[in-house]
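Here the sequence shown is numbered in the UniProt record's numbering, starting from 1 and rising by one per residue.
Glycine included, each C-beta is placed from N, C-alpha and C at the ideal position.
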Amino acid sequence: MEKTYRFLPYFFVAFFILVIYCFYQSYFGEFPDFQGVISPIGNVPIAITTVTHFHALIIIIWLLMLIVQPILIVQKKLEWHRFVGKASYVVVVLMVVSLLLIINQEQSREKSLPVFTANLFDVPVFVVFYGLAIYFRRKPAYHARFMVMSIIPFINPAVARLLANGLAVQLGLWLLFFGVEFFTRKTYKPYLIGLGYYVFNLAIVAYLFLGNQELLNQIWQLFFGKP
């Protein structure tokens with residue numbers, strides 16, 4: 001594995017800690033009772049359900065897999081790396097299910113077109129970046145970089161709890177990715193592919209939210225069947 005990517009576990013651990021911190025007030029800090037939970041977004045009470053627990057569990061499993069995989073490569077435990085990689089197929093399916101369930105739960109509680117717009121962006125980006133990582137699994141340089149990019153869709157939900165601008169944080173990550181490449185291997189192509197899709201998807205949701213909310217509302221009704 002490239003020397004630069006020996007630091008990947010630290011990168012993923014840092015992101016894992018960020019997620020725990022961002023969701024501490026509204027989830028992890030309420031363990032094990034989860035009573036009287038207040039969302040930092042709007043300071044409103046929220047109910048923690050089985051769907052919430054399922055979603056949190058799958059997210060944790062996924063982030064732990066991201067941490068473990070580069071460690072297995074560095075330690076040359078390739079069979080275990082392949083085993084965990086194949087297990088990720090199941091985890092990602094469960095991830096998508098959990099995302100759809102949590103979106104349905106939140107939109108059923110209260111219709112929010114801004115949040116729904118973010119969902120329309122985040123879910124496809126995660127699926128596409130993971131899919132590209134699997135497609136390029138026999139090209140380690142590409143595979144690793146697409147796996148790194150797979151954390152981008154998790155930025156918005158996390159930093160929103162800090163009332164921060166998720167788009168600005170994502171932009172910072174893209175600059176970091178390209179900056180690392182500039183000073184190391186200069187393997188830009190995976191990031192250019194990823195950024196191209198990111199911008200394409202961002203343009204679509206920006207058009208829906210800023211230019212055609214009537215269509216956005218129709219899409220919302222298609223999913224949730226409410227006026």
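Between the beta-carbon of Gly196 and that of Phe129 there is about 12 Å, and that puts the pair past the 8 Å contact cut. The straight-line gap separating the alpha-carbon atoms of Lys76 and Arg6 is approximately 12 Å.
The C-alpha of Asn212 is placed about 32 Å away from the C-alpha of Pro190.
Between Phe146 and Ala133 the beta-carbon gap is near 4 Å, inside 8 Å, which marks them as a contact.
Approximately 4 Å separates the beta-carbon atoms of Ile48 and Phe34; this is inside 8 Å, confirming the contact. The region 23-40 makes no contact with the region 99-108, as fewer than three CB pairs between them are under 8 Å.
The beta-carbon distance between Phe178 and Tyr188, rounded to whole angstroms, is 7 Å. This is short enough to meet the 8 Å contact definition. Checking the DSSP bridge columns, you'll see Ser39 partnered with Val44. Nearest C-alpha to Ser26 among Phe11, Ile46, Val13, Ser88: Ile46. Cβ-Cβ distances below 8 Å link Val91 to Ile58, Ile61, Trp62, Met65 in the same chain, with the five nearest sequence neighbours on each side left out; the list follows chain order.
The Cβ-Cβ distance between Phe126 and Ser150 falls below 9 Å.
Exposure of Phe182 is indicated by the presence of fewer than 16 other C-beta atoms within 10 angstroms of its C-beta. For Cys22, the CB contacts under 7 Å within the same chain, skipping 5 residues up- and downstream, are Ala158, Val159, Arg161, Leu162 in chain order. Rounded to whole angstroms, the separation of the alpha carbons of Tyr24 and Glu30 is 8 Å. In the DSSP annotation of this structure, the continuous segment of the alpha helix (DSSP H) that includes Tyr10 starts and ends at 8-22. A distance of 9 Å or more separates the beta carbons of Leu120 and Ile20.
With 16 or more other Cβ atoms inside 10 Å of its own Cβ, Leu208 counts as buried. About 15 Å separates the CB atoms of Asp122 and Asn165; that is not less than 8 Å, and the two are not in contact. If you look at Tyr207, you'll find it isn't in any alpha helix (DSSP H); DSSP assigns it neither H nor E. DSSP, reduced to helix, strand and coil, places Arg161 outside both helices and strands of the structure shown, so it counts as coil. Taking C-beta separations shorter than 7 Å and ignoring five residues to either side along the sequence, the partners of Leu94 in its chain run Ile58, following chain order.
Looking only at Gln69, Thr52, Gln218, Glu106, the smallest Cα-Cα distance to Pro140 is reached by Gln69.
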